[in-house]
Amino acid sequence: MLFYKILGAALVAGSGVMLSLYLNRRASAALQRAEAWAALIGKIKSEVECFSLPISAILSRVDGDLLISCGYAAQRAPRTLSELIGKMRWADRETERIARGFISDFGQSYRAEQVGRCAYYLSLMEGRKEELRSELPSKRRLNSTLCLAGSLGLLILFM
């Protein structure tokens, strides 16, 4: 009987540690995706500003690793922004809101105004990136503390 209690306690403690690791990995992924989206918007802005390329040509020139870092989950490169957004895995709602706003506004105006819109969304994404970066250490500590305290609380309750 004592063996089962020790085994159960180890499983509860292990699940608290695993949940903590999962939540911390998710918080880090949200920061990484915001950074990647900022880089993607910056690349699109520079391509429009310098070469006035259409979005299909811009997306074909974007590095595949950058698209994967943004959360793009398809095998081949997207041809349109709607295809890009349709195959995206999101880690943060605010990053998703900014990216969807950028995509809905893209291609609606002439070159000079389009560059300004890209700069606007780039500044929004940079702000979100900095916000996530500043929150990350405290969020990691909070996730670890709450998960471990919860699992220890369950151990005390069941023992």
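If you want the working numbering, it's the position in the sequence shown, counting the first as 1, plus 1. Here a beta-carbon is modelled for each residue, glycine too, at the ideal position from N, C-alpha and C. Please read these numbers as outputs of a predicted model, since none were measured by experiment.
What residue does the alpha helix (DSSP H) around P55 start on, and which one ends it? Careful: P55 lies outside any alpha helix (DSSP H) and carries neither H nor E.
Can you find at least 3 beta carbon pairs, one from the segment 63 to 71 and one from the segment 8 to 15, that sit closer than 8 Å? These segments do not touch.
Limits of the unbroken alpha helix (DSSP H) element including A100: Counting along the chain, the alpha helix (DSSP H) containing A100 begins and ends at R94 to D106.
Does DSSP put M2 in a helix, a strand or coil? coil
Excluding the 5 residues flanking C119 on each side, which residues of the same chain have their C-beta closer than 7 Å to its C-beta? Counting only Cβ-Cβ distances below 7 Å, and skipping sequence neighbours, we find I42, I45, K46 and V49.
Rounded to whole angstroms, what is the Cα-Cα separation between Q109 and Y23? Rounded to whole angstroms, the gap between the alpha carbons of Q109 and Y23 is 40 Å.
Residue burial classification, Y122 (beta-carbon count within 10 angstroms, cutoff 16): Looking at its Cβ environment, which holds 16 or more other Cβ atoms inside 10 Å, Y122 is buried.
For E132, the nearest candidate out of F107, E36 and F4 (CA to CA): Closest by alpha carbon: E36.
Sort E84, A78 and G17 by Cα distance to D66 and report the nearest one. Checking every option, the nearest Cα to that of D66 belongs to A78.
I157: buried (16+ other C-beta within 10 angstroms of its C-beta) or exposed? exposed
Pull up the CB-CB distance for T81 and W38, whole angstroms please, since I reckon it's below 8 Å. The Cβ separation is near 17 Å, so there is no contact.
State the Cα-Cα distance for the pair M126 and V116, rounded to the nearest angstrom. 15 Å
Could you give the C-beta distance for R141 and A92, rounded to a whole number, given that I count them as a contact under 8 Å? Between A92 and R141 the Cβ distance is about 15 Å, and since that is not below 8 Å, they are no contact.
Would G17 and C148 be called neighbours here (beta carbons separated by less than 8 Å)? yes
For the alpha helix (DSSP H) containing M89, name the first residue and the last one. From DSSP, M89 is part of no alpha helix (DSSP H); its letter is neither H nor E.
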